[in-house]
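Take a look at the structure below.
Protein chains: 2
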Amino acid sequence: MKKISFIFCFLFSAGLMNAEDGYRLWLRYDKIDDPVLLQQYRKQINSIYFDVYFNEPSPTFEIAKKELIGGLQGLLDKKINEGKDFSSYQLIINKKRSEIVQTIDFGSENLGSEGFKIISVRRIHNKWGGGVNNVIVITANTDAGILYGVFNFLRLIQTHQNISNLNIVSVPKIQNRMVDHWDNLNRTVERGYAGISIWNWHELPDYIDQRYIDYARANASIGINGTVLTNVNANALILRKEYLVKVKALADVFRPYNIKVYLTARFSAPIETGGLKTADPLDAGVQNWWKQKANEIYQLIPDFGGFLVKANSEGQPGPQSYGRSHADGANMLADAVAPHNGIVMWRAFVYDVRPQQGNENFDSTKEITPIASSDRFKQAYNEFKPLDGKFRKNVVIQVKNGPIDFQPREPFSPLFGAMPQTPLAMELQLTQEYLGQGTHLVYEAPLFKEVLDADTYANGKGSTIAKVIDGSLDNYSITTIAAVANIGSERNWTNHPFGQANWYAYGRLAWDHDLSAAQIAEEWIRQTFTNHKDAVGSIKKIMLASREAVVNYMTPLGLHHIMQGGHHYGPAPWQNNLGRADWNPVYYHRADSAGIGFDRTAAGSNALSQYAAEVQKQFENIHNCPEEFLLWFHHVPWTFKMRSEKTLWQELCSKYQSGVDTVRWMQQQWNHLKNIDEERYQQVKMFLTIQEKEAEWWRNACLLYFQTFSKMPFPSNQEKPGQPLDYYKSLKFPFAPGNGGNN
Amino acid sequence: MKKISFIFCFLFSAGLMNAEDGYRLWLRYDKIDDPVLLQQYRKQINSIYFDVYFNEPSPTFEIAKKELIGGLQGLLDKKINEGKDFSSYQLIINKKRSEIVQTIDFGSENLGSEGFKIISVRRIHNKWGGGVNNVIVITANTDAGILYGVFNFLRLIQTHQNISNLNIVSVPKIQNRMVDHWDNLNRTVERGYAGISIWNWHELPDYIDQRYIDYARANASIGINGTVLTNVNANALILRKEYLVKVKALADVFRPYNIKVYLTARFSAPIETGGLKTADPLDAGVQNWWKQKANEIYQLIPDFGGFLVKANSEGQPGPQSYGRSHADGANMLADAVAPHNGIVMWRAFVYDVRPQQGNENFDSTKEITPIASSDRFKQAYNEFKPLDGKFRKNVVIQVKNGPIDFQPREPFSPLFGAMPQTPLAMELQLTQEYLGQGTHLVYEAPLFKEVLDADTYANGKGSTIAKVIDGSLDNYSITTIAAVANIGSERNWTNHPFGQANWYAYGRLAWDHDLSAAQIAEEWIRQTFTNHKDAVGSIKKIMLASREAVVNYMTPLGLHHIMQGGHHYGPAPWQNNLGRADWNPVYYHRADSAGIGFDRTAAGSNALSQYAAEVQKQFENIHNCPEEFLLWFHHVPWTFKMRSEKTLWQELCSKYQSGVDTVRWMQQQWNHLKNIDEERYQQVKMFLTIQEKEAEWWRNACLLYFQTFSKMPFPSNQEKPGQPLDYYKSLKFPFAPGNGGNN
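So the sequence lines, in the order shown, correspond to chains D and A. Residues in the first sequence are numbered from 9 upward in steps of one, following the numbering used here. Residues in the second sequence are numbered from 9 upward in steps of one, following the numbering used here.
Have a look at this one:
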């Protein structure tokens, strides 16, 4: 490893290629720009003592050490010496069991295998009788804990926190904190808006891109410890030897950062790459093929995490193609990886129709259009609830936060709380498939928190989804949370500079779901942009307003799934020509001359019945259903009187307008910002221009279309659409990004 | 514009995301690391006086100014002041006609619209009688000339040249110095190995990526003044209004850098986007459609450069589909852009068979397999030579350097010198489609020079291709050179750090084809990596050896086109199953029990007859044909005695081995390098490992296959292939990059 060296370099203005390009994410470590604070920190940290009682520091420990020294040297703009022994005003890094530090009360917390503690100590003695004053100790049971502690400590300094009286104990609440890449082997990224996949399969395993290292480091800095490399719409080729050696190369890079690698398993792989005639999970040959495949993988990657599977959904093969259940399929894979301590994450995002066994004409590879009244909302619950208790111990069922598909606002999936005997994972989406894609500023933490804090009432009041996921409600032995990555090959990783905030917030919440959206926003802003108080305040206000803005200008009052088909870019509430009924916007909004919205009460699809009684009560009555969920559960007359005293139609208009207005307010806030770098300032400004245009587009297209049913005029204070409805219907975007491509 | 500011930053080792990532190309402007030289430069440049007699400096002038100040501040690590008046030890920037500088003899050179002059002046007087000593003047007729002069001056300092007695006059020899992007609208890049297209069409025109600006700057720094944004396998959508406003946004960015924008025109666009029934170039409606389209474009982009067209080649539509000639097609487009001073670059890369007019079953959209004996080598000449003199004045015929397709070594295209009445452009390929793609270190300047220096004998000895292209041989009124870009979204632009050298070398040669490959390599290394003498020497040796290495390990002795079909990655001399005879390697090498090679003498296809008699003489006799072209022109017995006294078979083995050996020598040289940054050092090292593996793969696969014909043993000192032939035949790469995708 090269020694850390200092090289002065010059940052010119943007045109000279040295500007703030966003690549460094929240790990910039630039010199503290508050001179008083800088002096104080410099006094408090004179040197670092790495209290390694063991002989060979692990790669993880080496990484923690390099990060700490490099980070502090950047932040404090001074050479940080490695102490040979204790001294005052020192940072001490040790493992809890170290014998050298005798007099520190480490407390009785169980830090587990990943937790850490950071404490300020007035005076300590060592075993030789010496003593020093005013040290800070970062301690943990493991090197991974040390690494997380180091990142936490650096975050304190990056965010200008007082480090005089530290007493931080931090242990992750969820075991498996995953990012899921929907990356195809040809480097296209399904629902990716930040360039192409950062995995360059063609050049692996011999070429190790610096990005792989920087990716692992960024994830480790926020506590993420698992990555699914490949798309859930899977290609079986990834399981072939020539690809597995590439996967191994990545696993070797990620391992020291405490990150495990997982792959998606295409259910039909035994046929496609194994040459078998069937993929029936009860077939002994198939079971054996997967066992051998697992052995092969674990020989290359001893800490391989396991498989993520999308089966019998949207055309993917699965056990139902053979008349078997999801449990049969998942258990077969689970048995294959169990000897190696692997897990299987089986997705509950299903909306295939059950195969018609015995029907000779049944084509298992094709989906069947369901009857519209069946309500896609209900399918995951209907298929999985009966299987509770039927899965192996190392199976996790992965459930999207809402019952449909990552809409700007959804009620929580009724599966949460409904499977006490089966570990459930929650799947969130960082990539903004339905939230303005690559160009809208939408801070997602409020959305995540809304779901985590939602009460399932499964075991009475307070049975929040957070408690389901972290296992505390039903004593799950495995706890998992996952999010679909928004990471791509763009220089700043996420295309929109604020996409980074969603990656960051997800990692922080996966570690500790008690953090607030505002708290996370603030620490992200301080690390990523600036610590200047006014700027922090303005940016935070923008972020916290942004999610409600996108709900309002896209899908207010409980509307959902009214975007264009395929690429999902832009509004198309009129669309009714896609292959399946439940791919079409008209299926979801059900606008007609009487009103708008999907009746999911007992009088309608009765999807509400899948919730606990207390939850049903919240939603079932049109007159006290929270208005943000109104059209999720009710078909509401255009003249229905809202709490504002407006009619539904007027309220709908007003909400769309307010979404646009909020974007304009965000623009104003941004335009007045000071103390941030020119390059990103301009980037966000340009993106906000796009966001404003597209918010107007959503408002105009949706209201003009819904007006054909309501037959009511726009409120007098409403901005009039610049174009007629036919114009918006005519817009086509054949090359909108993120729409798959062959995988 | 923001004021230039100095910010100190720290470069940590690679893991901390601040390393030398290659983004800055050859424009790094880091502080001069030779203290003596630094002192000297600091003394010689105290301030800069921008002698602007005009009132409003143009955007181009502002860019030159910013570049000069920023560059010098970086290189000299001192604040550079802008002088208010003349003073000694000053840099003076002025236009030649400036009245202020009275006493400088600017000489009588015609600097034209892009040339510049840099002179050291002992003493000058101004018109008020004052005088100052030891100034350097950068002067030109135009702001573009000033910009080029500034880049040249900065290059002198970056490469540690003496600036005491400067007298540099530099005028480009070729007018249109183009890079051609084979970029599709979905951002895939045909034959692109550096990520995806840097053009983010989806976010244009509202989002201006910093890369667009940095791209323009990089091109301007080497004198490139035109860019074709879209693939020659064109999509007509680019000509629609919604895309033209995006093109305009790019043109606006590039204009101040003296770079014009061009587009590819899909010949069938009048049908596809215009709703016409035909694209017949003699149809008045079609002619009018193109005229209107040109007007529309020029209204948005007044300095639009024109169209590049691939017609009736590889499935592209063209005039022959209507029984018209290339001249009919080109002239129609030329007439449309002529009122706006646009040009049409019409590609001579054609190998369709002439349409069978009058045959009712003729399907103009399909290609017809030609009879193998027709020899694709001859087709461009056969189609275009008869049309000499039939094109409009603003048509340029763009000819690839060789008759086939950018092979590691080709004889020059016989069209050069054969069309005295038609301006010919030469098309080179920077992206390494056939030269190891994204992972091989191959410096292409020796290849470019080999072609430029080749003598066509068109007007007797000395009728080099350089003279054809720069117009001096036949007095072309338009002169053009083009190269297919190797630029993509990768952080370092070209994937392999040495891909940058090819971009750089092309630009420099396009400006001045008299430069040597070694000279260009040296200046590139000094700017891009280091000025340390030993390192410069080693890297230069590697670069200069690399092109012959790739010839040897892929296609020695005149072999060509024996790579895998489709993606063109790796060897497949056995391939004989592709749709057209002349897509198959067996068509080109013609190995059989008697020997190997393509007989293009009078006894064979007689392609040689397309050259001037003197050139024919060089190649026609198997006994004195230069051996590097032997198998291009002759079918040679396996036992043929080579100049080395070896048999052809032995020589072939030896050449393949020597290609591998050179790569290993390159590795050794690289491994011993000092004084270059760690990140790129490791990158190149990893790539060289891949290059060695693939060189062995080429050698093994080709020799094992050819041995099935020669039936001769490998020489005793030859490394034996690690695998049998069937293994190499079995290798499949479904996701090898660069293979198009829908455009």
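Ideal placement from N, C-alpha and C gives every residue a C-beta, glycine not left out.
Excluding the 5 residues flanking residue i on each side, which residues of the same chain have their C-beta closer than 6 Å to its C-beta?
i: Phe69/A; result: Asp151
i: Asn683/D; result: Thr538, His540 and Ala543
i: Ile309/D; result: Lys256 and Ala259
i: Glu280/D; result: Ala244
i: Ala615/D; result: Asp383, Phe385, Lys386 and Arg608
i: Gly30/D; result: Asn500 and Pro505
i: Gly314/A; result: Tyr270, Val345, Gly350, Ile351 and Val352
i: Asp188/A; result: Val236, Ala490 and Val492
i: Ile550/A; result: Met674 and Gln677
i: Asn233/A; result: Arg185, Asn266 and Ile267
i: Trp519/A; result: Pro180 and Gly231
i: Asp343/A; result: none
i: Leu46/A; result: Ile40
So, under 8 Å CB-CB, residue i and residue j are touching, yes? Tell me the CB distance rounded to an integer number of Å.
i: Ala433/A; j: Thr488/A; result: 4 Å
i: Lys318/D; j: Leu247/D; result: Not confirmed; about 15 Å, so no contact.
i: Glu28/D; j: Asp685/D; result: 4 Å
i: Leu638/D; j: Gly566/D; result: 5 Å
Using a Cβ-Cβ distance cut-off of 7 Å, determine whether residue i contacts chain D.
i: His642/A; result: no
i: Thr697/A; result: yes
i: Met694/A; result: yes
i: Arg283/A; result: Here the sequence assigns Gly to residue 283/A, which means Arg is not the residue at that position. Gly283/A does not count as touching chain D.
i: His504/A; result: no
i: Ile204/A; result: yes
i: Ser497/A; result: yes
i: Leu193/A; result: yes
With 7 Å set as the bound, which would you pick, yes or no: does the beta-carbon of residue i sit closer than that to a beta-carbon of chain A?
i: Pro745/D; result: yes
i: Asp214/D; result: yes
i: Asn585/D; result: no
i: His210/D; result: yes
i: Leu45/D; result: no
i: Leu449/D; result: no
i: Leu80/D; result: no
Tell me the DSSP bridge mates of residue i?
i: Gln437/A; result: Val492/A
i: Leu99/D; result: Ile56/D and Ile144/D
i: Gly603/A; result: Pro645/A
Note down, in chain order, each residue of its chain lying with its Cβ closer than 7 Å to the Cβ of residue i, except the 5 sequence neighbours on either side.
i: Ser738/D; result: none
i: Asn282/D; result: It is worth fixing the name first, because residue 282/D is Gly in this sequence and not Asn. If we look at Gly282/D and ignore the five residues flanking it on each side, its Cβ neighbours are Trp297.
i: Lys73/A; result: Phe58
i: Lys401/A; result: Ser485
i: Phe161/D; result: Ile126 and Ile146
i: Glu530/A; result: Val544 and Lys548
With a threshold of 8 Å on Cβ separation, who are the neighbours of residue i within its own chain once the five nearest residues in sequence on each side are excluded?
i: Gly496/A; result: Val197, Gly200, Tyr201, Ala202, Gly203, Ile204, Ser205, Ile206, Thr502 and Asn503
- Enumerate, from N- to C-terminal direction, the unbroken beta strand (DSSP E) stretches of 3 or more residues contained entirely within the region 644-713 of chain D. Taking only runs of at least 3 residues, no beta strand (DSSP E) segment lies wholly in the region 644-713 of chain D.
- Message: What ranges does the alpha helix (DSSP H) occupy inside the region 145-202 of chain D, keeping only unbroken runs of at least 4 residues that lie completely in it?
- Response: Those alpha helix (DSSP H) runs which fall completely within the region 145-202 of chain D and span 4+ residues are 151-166.
- Task: Go through the region 449-511 of chain A residue by residue and report every complete run of the beta strand (DSSP E) that reaches 3 residues or more, in order.
- Result: Listed in chain order, the complete beta strand (DSSP E) runs (minimum 3 residues) inside the region 449-511 of chain A are 488-492.
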